[in-house]
Amino acid sequence: MSFRTKIFKLMPWNGGTNTSLDPSIIPSHQLTKAEHLLFGINAARNMRDGINFNWDSSTANSGSNGETILGLCDFWYGSSGVKTNFLMGVGSSGNLYQWNKQSGLRTTIPLASSSAGSSATPWPQFNNRISFEVMNNMLIFTGDQGGNFPRQYAPFLSSSAFDLQGSPPRMSFMREFMGRLWTNDKTLLDRANYCPPGDPNTWGGIGDSGAIDIGVGDGDPVGLSAIFPAFQNTLYIAKQTKLYSITGYTPETYQINTISDGIGCVSHNAAVAIDHDDIIFLSEKGVHSLIGTIQFGDVESKYLSKDIQGTINTSWTKSALANAWGCYLSQINSVAFCVPDTNYAGTGNTAIWLYNLTHQAWYVWPTIDCQSIVSSYDTDKRRFYLGTTTGRVAKTFNNTNYDISIAGVNAVITMTVKTGFIFPEENPMIVNAIKRFTLIWGPSGTVNVTATIQIDNYTPQALNFAVTGTNNVLGVNFILGSSPLGFKSVTEPYSQTIDGYGRSFQVTLIQSGQQAAVNIQGIAVEYEPLGPAQETITSG
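The sequence shown: position 442 = 443 (the working numbering), numbered continuously.
Next comes the structure, spelled out in structure tokens:
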């Protein structure tokens, strides 16, 4: 009996990483690996842009004498009718730093003398949590340790930073809401403090300042752990295992409401506003949407992270998640979380896990030193900046096909896409003759992709897809007598022959080298179903 060949194809190929299920049962469009990539138009897989770890002008000082950039903030302030922008950060030495985003030049902001409103004691060493807020044209910041915090920096008033006045509470994080600065309390762990509207230098019940005790005796082991960005005129305050809201417009009308008894937030800096649409946050159980939590509560199937719960449960270091940082970058429509992932080498936060909101797909930038992160607009685009353990800041999306190390050396980016085991007939009993593999892509410039196809548990077969072209296209930018003739590629299927028999196949695509970023739209496999087959186990 003869059979006609069939085509199995994935296009559009919009799935992300799934580590929660066995590779043999994840949906065919999902992946076991999605590393160092971005989602392009129509869910195309593109190699991510390069990261420059040598951008910061300061000298790298990693190791036992090094410093970690624990927190970063995009600081805009107005003075004399002009808006000025700096990247600000705090290091583990206790120093406040300011970076010029065009040059990478770093300046250390001094601590004011006692006559300028500050205690004369030195800056203390920081723990691993830093919090920033911008209010009244001032940058206000605080940390986990030290009795002199919080502090304020108003460059239009002084070149130095100095303490907040009015005996503010000892706090480790803060958030501005309806003109008030809201904070936790390091002494009374269930208490939220607030200042009068527009006056962060008045506290302790003076004027319109005050405090609210939230969920005292609710069984939470930590107390307040995060204050969310303002959302729909409501303030959301989290503990490690609880989530509350505060409604009302004045202290007389404030009301506390319980949102969840099972989901909290482990890191103040991992509660991320997605424009005005939602807040995505990290709990000890996974990653959540605030809107989804309000609607469904502690329902695991509704977690945004349901596809990567396997990784979260086994590889994210729970004891260090308080130091996780999150950030949203609209140009890639993804929220990023810098987390301590034991799958990857390094200290502290070792990977950036990203969630594409359009495709609801997870992917990862592994083995990246990312102790803190912020999204900031430069002269050309909005991008991430990363605080590292080398005492320096790294700059992403540099329009390069390679990373740059702290020593200024170009480093290869290895984009890896790996499927699960795909059963083309969706039946694990059907044996198929695998005939041909097709890569659907739009290469540009010099591109080399290795495709490895493994049929069942047999020896993998490697195929090489390589294209070399130029930017000089006839009728577009070709100059007679000086330009080499090239081509302008379009998305097309490129096929190669493979040979094997089996029930399933798994595809791995790797681009490794300083080449033009690949643009993979999908894959296809030509096969011929041969009929059912099964193994027989006998005893004797």
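Note that CB positions come from ideal geometry on N, CA and C, so glycine has one too.
Local Cβ density within 10 Å of residue i, reported as buried at 16 or more and exposed below that
i, result
"residue 158", "exposed"
"residue 444", "buried"
"residue 71", "buried"
"residue 20", "buried"
"residue 281", "buried"
"residue 28", "exposed"
"residue 565", "Examination of residue 565 is not possible in this model, given that the chain is present from 2 through 541 alone."
"residue 505", "buried"
"residue 278", "exposed"
"residue 410", "exposed"
"residue 217", "exposed"
"residue 276", "exposed"
"residue 17", "buried"
"residue 52", "buried"
"residue 214", "exposed"
"residue 36", "buried"
Cα-Cα separation, residue i to residue j
i, j, result
"residue 513", "residue 402", "10 Å"
"residue 441", "residue 523", "5 Å"
"residue 272", "residue 380", "27 Å"
"residue 232", "residue 498", "55 Å"
"residue 449", "residue 308", "30 Å"
"residue 378", "residue 105", "14 Å"
"residue 93", "residue 312", "29 Å"
"residue 310", "residue 366", "17 Å"
"residue 500", "residue 99", "59 Å"
"residue 24", "residue 422", "6 Å"
"residue 451", "residue 328", "32 Å"
"residue 7", "residue 433", "10 Å"
"residue 371", "residue 69", "10 Å"
"residue 176", "residue 75", "15 Å"
"residue 145", "residue 259", "26 Å"
"residue 430", "residue 178", "59 Å"
"residue 447", "residue 354", "28 Å"
"residue 200", "residue 180", "8 Å"
"residue 139", "residue 375", "18 Å"
"residue 89", "residue 362", "31 Å"
"residue 235", "residue 399", "38 Å"
Neighbourhood of residue i by C-beta distance below 6 Å, restricted to the same chain and skipping five residues each side
i, result
"residue 503", "456, 457"
"residue 494", "439, 441"
"residue 426", "530"
"residue 86", "77"
"residue 156", "none"
"residue 270", "326"
"residue 229", "237, 272, 280"
"residue 34", "417, 419"
"residue 1", "Given a span of 2 to 541 for the chain in the structure shown, any question on residue 1 remains unanswerable."
"residue 507", "420, 422, 455"
"residue 263", "299"
Extent of the continuous alpha helix (DSSP H) run through residue i
i, result
"residue 297", "291-297"
"residue 310", "310-316"
Close Cβ partners of residue i (< 7 Å) along its chain, the five nearest in sequence each way excluded
i, result
"residue 204", "167, 168, 169, 170, 194, 196, 210"
"residue 482", "Only weak support exists for where residue 482 lies, its pLDDT of 47 falling under 50; the coordinates are left without a value."
"residue 332", "382, 383"
"residue 30", "11, 14, 15, 16"
"residue 459", "501, 503"
"residue 360", "15, 17, 40, 44"
Sequence-distant residues of its chain with Cβ nearer than 8 Å to residue i (five each side left out)
i, result
"residue 84", "77, 78"
"residue 520", "41, 45, 46, 47, 442, 443, 444, 445, 492"
Host beta strand (DSSP E) of residue i (start-end)
i, result
"residue 90", "83-92"
"residue 533", "520-533"
"residue 197", "Premise fails: residue 197 is in no beta strand (DSSP E) and is neither H nor E."
"residue 100", "97-100"
"residue 10", "7-11"
"residue 404", "403-405"
"residue 163", "162-164"
"residue 183", "181-184"
"residue 134", "131-136"
"residue 503", "493-503"
"residue 376", "373-378"
"residue 441", "431-442"
"residue 506", "506-513"
Cutoff 8 Å: residue i Cβ touching any chain B Cβ
i, result
"residue 99", "Note that chain B does not occur in the displayed structure, where there is just one protein chain."
With contact counted as at least three CB pairs below 8 Å, one residue from each stretch, are the region 372-388 and the region 32-49 in contact? No: the two stretches stay apart, fewer than three of their Cβ pairs being nearer than 8 Å.
Item to complete: Decide if the region 232-248 is in contact with the region 213-223; the criterion is three or more beta carbon pairs, one per stretch, under 8 Å apart.
Response: Taking a contact to require three or more Cβ pairs closer than 8 Å, the region 232-248 and the region 213-223 qualify as touching.
Item to check | At least 3 beta-carbon pairs within less than 8 Å: the region 246-264 vs the region 307-326 | outcome: Contact between the region 246-264 and the region 307-326 is not established, with fewer than three Cβ pairs separated by less than 8 Å.
Cβ contact check for the region 284-299 and the region 340-350: 3 or more pairs under 8 Å: The region 284-299 makes no contact with the region 340-350, as fewer than three CB pairs between them are under 8 Å.
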